[in-house]
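Visitor: The following block contains the structure, expressed as structure tokens.
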Amino acid sequence: MVGTTDFVAAQRVNRRNTLILLAMLTVLAALFGYLIGWALQSEATDEVAAVSTFGLAAAGAMAAASIGWSGLSLAFGGNLVVAMAQAREIGKDDAPQLFNIVEEMSIAAGVPMPKVRVMETEALNAFASGTSTTNASISVTRGLLNTLDRDELQGVVAHEMAHIANLDTRYMTVVGVTVGLIALVADMILRTLQWGSFSRSRRDDDKKSSGAGILVILLIVVAILAPLAAKAVQMAVSRQREYLADATSVQFTRNPNGLISALSKLAAAAAPFPGVSRATQHLFIVNPIQTFTAKSSALLATHPDIADRIARLRNLGG
Amino acid sequence: MTLWIVLGIVVLIVLWLITTYNGLVGGRTQAQAAWSQIDVQLKRRHDLIPNLVQVVKDAMGYEQETLTKVIQARNAAVAASAAGPAQAAPAEAALTQATRGLLGLVESYPQLKANENVKQLQEELTSTENKIAFARQFYNDSVASYNVRRQSFPAVLAAQSLGFGPMELFDMPETEREVPKVVLR
Numbered sequence: 001m002v003g004t005t006d007f008v009a010a011q012r013v014n015r016r017n018t019l020i021l022l023a024m025l026t027v028l029a030a031l032f033g034y035l036i037g038w039a040l041q042s043e044a045t046d047e048v049a050a051v052s053t054f055g056l057a058a059a060g061a062m063a064a065a066s067i068g069w070s071g072l073s074l075a076f077g078g079n080l081v082v083a084m085a086q087a088r089e090i091g092k093d094d095a096p097q098l099f100n101i102v103e104e105m106s107i108a109a110g111v112p113m114p115k116v117r118v119m120e121t122e123a124l125n126a127f128a129s130g131t132s133t134t135n136a137s138i139s140v141t142r143g144l145l146n147t148l149d150r151d152e153l154q155g156v157v158a159h160e161m162a163h164i165a166n167l168d169t170r171y172m173t174v175v176g177v178t179v180g181l182i183a184l185v186a187d188m189i190l191r192t193l194q195w196g197s198f199s200r201s202r203r204d205d206d207k208k209s210s211g212a213g214i215l216v217i218l219l220i221v222v223a224i225l226a227p228l229a230a231k232a233v234q235m236a237v238s239r240q241r242e243y244l245a246d247a248t249s250v251q252f253t254r255n256p257n258g259l260i261s262a263l264s265k266l267a268a269a270a271a272p273f274p275g276v277s278r279a280t281q282h283l284f285i286v287n288p289i290q291t292f293t294a295k296s297s298a299l300l301a302t303h304p305d306i307a308d309r310i311a312r313l314r315n316l317g318g
Numbered sequence: 001m002t003l004w005i006v007l008g009i010v011v012l013i014v015l016w017l018i019t020t021y022n023g024l025v026g027g028r029t030q031a032q033a034a035w036s037q038i039d040v041q042l043k044r045r046h047d048l049i050p051n052l053v054q055v056v057k058d059a060m061g062y063e064q065e066t067l068t069k070v071i072q073a074r075n076a077a078v079a080a081s082a083a084g085p086a087q088a089a090p091a092e093a094a095l096t097q098a099t100r101g102l103l104g105l106v107e108s109y110p111q112l113k114a115n116e117n118v119k120q121l122q123e124e125l126t127s128t129e130n131k132i133a134f135a136r137q138f139y140n141d142s143v144a145s146y147n148v149r150r151q152s153f154p155a156v157l158a159a160q161s162l163g164f165g166p167m168e169l170f171d172m173p174e175t176e177r178e179v180p181k182v183v184l185r
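Read top to bottom, the protein sequences are chains A and B. Going by the working numbering, 80 is the number at position 80 of the first sequence; the sequence numbering is gapless. Going by the working numbering, 23 is the number at position 23 of the second sequence; the sequence numbering is gapless.
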């Protein structure tokens, strides 16, 4: 028996983490903005001022951009994934059993009934989307419907329902935005510096100040390392959410065997999945781009190893 | 100075009361919503069973003992449900047993399993059985966490006087029991 309503607590933690992450994102973006403005001004005047007016203006602009971007992606992020995967909404008559199972799991999770969608592909996969429990949807592939039996399908749907109940979909949307913005800003810094150093070398070399030089080197290091670190953090968070969703799934169904046998089938299947990009892969129950995962390091994988997930599920009494 | 300290303590106590109250209201509302879901699913089962029994009867051509048992248990549960789900729990538990017998009957007869209408109703009944179980599970989990919250320190100091009494778990005994004699309405 797995504890009491742990997923209600998980929701609370996720709400708080989302806020903290949003705040960190804003501060980070503002700091980046300040660094850019500062470096630009130092380049232009050849003096390193303690307080840069350029920097302050750029910091304000970056903070506004990050808040605006997060708001937009929370409002529209879910729809984009659904559109990219070409998931079509269905009614109860189209797939009564799937519809029933989703209803059962929404009762077990105590969340409103989400929309049910089907993706017309032979690949075996499923994902949850939506930024709150009231606008959520669960999408499964046709291949999954045809291949899994009732218990297995229930395990998979419970896993997706866990993502909805734990508010993982919202959390991962904000994490995705954080990482995207850091990458974008890092790219901007590198471009700015390229332009800056060109203009300086055209001017004259004997006037360059060592303070501005150190600042530039610092910027380059930060701009190269920050996106990599952010990506590694995102993937670690993503893997953690997968483990939690597996555990919550068993808490809903009280039957680890359904999910275990479903994961085994998903691992064995190798049908290609069109319409999935690396931007959305972390939302699926198993990584839809498996060839990529096999080659990439464990550090940058969106999903834990399926064998590892099955082993953890067996520990829950499967 | 002392006035400010007293004022500060009063403000803290009021804030604590507000958060405790809101937390308990949230927990109780969740449990009550879960409770009504159980009720909905139990009613749905009462509505489904006569349909499935009729379809099975038609497909088999004769009335089997399992079918009469199920109908009896169903009618007993309907009669008991007037008093509310808590009082109906034993009758509903008996109906769960009888329903399992009916679903087992469908499984063991190939001509039943092949019948489209039976298949459809079988899925509906299976799903309703699951929904009852999951609604009960969520209700009991909600009640358990509400009870823990109202009995935890320091909430325990205020819960009773704010009107938050303990809530009861919904038990449906799993043991086999005699199908009770019923007066049909």
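Just so it is clear, CB atoms sit at the ideal spot from N, CA and C, and this is done for glycine as well. From a predicted model like this one, the values you see are computed outputs, not experimental measurements.
1. Report the residue ranges of all alpha helix (DSSP H) runs contained in full by the stretch 94-171 of chain A; include only those spanning at least 4 residues, in chain order.
2. Give every residue of the same chain whose Cβ lies closer than 8 Å to the Cβ of B:L42, excluding the five residues on either side of it in the sequence, and list them in chain order.
3. Tell me A:R88's beta-bridge partners as DSSP assigns them.
4. Any beta carbon from chain D within less than 9 Å of B:F138's own beta carbon?
5. With 9 Å set as the bound, which would you pick, yes or no: does the beta-carbon of B:K113 sit closer than that to a beta-carbon of chain A?
6. Using the C-alpha atoms, what's the distance from A:G180 back to A:T320?
7. Helix, strand or coil: how does DSSP classify B:F170 here?
8. Kindly indicate which three-state DSSP category A:F284 falls into: helix, strand or coil?
9. Which one of A:R170, A:G213, A:D246, A:A186 has the shortest CA to CA distance from A:A229?
10. Where does B:R74 fall in DSSP's three states?
11. Three or more C-beta pairs closer than 8 Å, one from the stretch 152-167 of chain A and one from the stretch 105-118 of chain A: is that the case here?
12. Since I believe B:V70 is in contact with B:V53 (beta carbons under 8 Å), could you give me their beta-carbon distance rounded to a whole number of angstroms?
13. Note down, in chain order, each residue of its chain lying with its Cβ closer than 6 Å to the Cβ of A:D168, except the 5 sequence neighbours on either side.
14. Using the C-alpha atoms, what's the distance from A:V250 back to A:R314?
15. Going by the CB atoms, is the gap between A:G91 and A:F99 shorter than 9 Å?
16. Is A:T293 close to chain B? Criterion is C-beta to C-beta, closer than 9 Å.
17. So what's A:F292 in DSSP terms, helix, strand or just coil?
18. Using the C-alpha atoms, what's the distance from A:T26 back to A:N17?
19. Taking C-beta pairs closer than 8 Å, name the residues in chain A that B:F134 reaches, listed in chain order.
20. Do three or more CB pairs link the stretch 50-62 of chain A to the stretch 210-224 of chain A at distances below 8 Å?
21. Under 9 Å between the Cβ atoms of A:N125 and A:V237?
22. May I ask you to list, following chain order, the residues of the stretch 116-130 of chain B that have a beta carbon less than 9 Å from some beta carbon of chain A?
23. Could you check whether the Cβ of A:N17 sits closer than 9 Å to any Cβ belonging to chain B?
24. So which of A:V118, A:I310, A:R239 has the shortest CA-CA distance to A:Y171?
25. Just to check my reading of the structure: A:M105 and A:F252 have Cβ atoms closer than 8 Å, yes? What is that Cβ distance to the nearest angstrom?
26. Within 9 Å of any Cβ in chain B, is that where the Cβ of A:P256 sits?
27. With contact counted as at least three CB pairs below 8 Å, one residue from each stretch, are the stretch 148-162 of chain B and the stretch 13-20 of chain B in contact?
28. Which runs of the alpha helix (DSSP H), 4 residues or longer, sit entirely within the stretch 21-88 of chain B?
29. Using the C-alpha atoms, what's the distance from B:F164 back to A:D149?
30. Which residue marks the beginning of the alpha helix (DSSP H) containing A:L313, and which one marks its end?
31. For the stretch 27-46 of chain B, enumerate the residues whose C-beta is nearer than 7 Å to any C-beta of chain A, in chain order.
32. Apart from the five residues just before and just after B:Y146, which ones in its own chain have a Cβ nearer than 7 Å to its Cβ?
33. Which residues of chain B have a Cβ atom closer than 7 Å to the Cβ of A:Q234, listed in chain order?
34. Between A:L19, A:G176, A:Q154, A:A75, which has its C-alpha nearest A:A136's C-alpha?
35. Quick one: does B:S108 have its CB under 9 Å from some CB of chain A?
36. Check whether the Cβ atoms of A:A30 and A:S66 sit closer than 9 Å, and answer yes or no.
Guide: Well, looking at it:
1. 96-109, 142-147, 150-165
2. A77, S81, P85, A88, E92, I132
3. A:V118
4. Absent from the structure is chain D; the protein chains it does hold are A and B.
5. no
6. No answer is possible for residue 320 of chain A: it lies beyond the span of chain A, which begins at 1 and ends at 318.
7. coil
8. strand
9. For A:A229, the closest C-alpha among the options A:R170, A:G213, A:D246, A:A186 is that of A:A186.
10. helix
11. yes
12. 6 Å
13. R241
14. 11 Å
15. yes
16. In this prediction, A:T293 scores a pLDDT of 45, lower than 50, which makes its location untrustworthy; the coordinate-derived value is nonetheless stated afterwards. It does not; no Cβ of chain B falls within 9 Å.
17. Because the pLDDT at A:F292 is just 44, under 50, the model does not fix this residue reliably, and the point stays unresolved.
18. A:N17 and A:T26 have their C-alpha atoms some 14 Å from each other.
19. From the beta-carbon of B:F134, the residues of chain A found nearer than 8 Å are E104, M105, I107, A108, F252.
20. Output reads no: the stretch 210-224 of chain A does not touch the stretch 50-62 of chain A.
21. no
22. Within the stretch 116-130 of chain B, the residues whose Cβ lies closer than 9 Å to some Cβ of chain A are Q120, E123, E124, T126, S127, T128, N130, listed in chain order.
23. no
24. Out of A:V118, A:I310, A:R239, A:R239 has the C-alpha closest to the C-alpha of A:Y171.
25. 6 Å
26. Output row for A:P256: interface = no.
27. Between the stretch 148-162 of chain B and the stretch 13-20 of chain B, the count of Cβ pairs shorter than 8 Å is three or higher; the stretches touch.
28. 65-80
29. Rounded to the nearest angstrom, the two C-alpha atoms are 44 Å apart.
30. 306-315
31. Of all residues in the stretch 27-46 of chain B, Q30, A34, Q37 have a Cβ within less than 7 Å of some Cβ in chain A.
32. So the list reads G27, R28, A31, M167, once near-sequence residues are dropped.
33. The premise fails here: A:Q234 is roughly 31 Å from chain B at the closest Cβ pair, so nothing lies under 7 Å.
34. Out of A:L19, A:G176, A:Q154, A:A75, A:A75 has the C-alpha closest to the C-alpha of A:A136.
35. Chain A, which has no Cβ nearer than 9 Å to the Cβ of B:S108, makes this no.
36. yes
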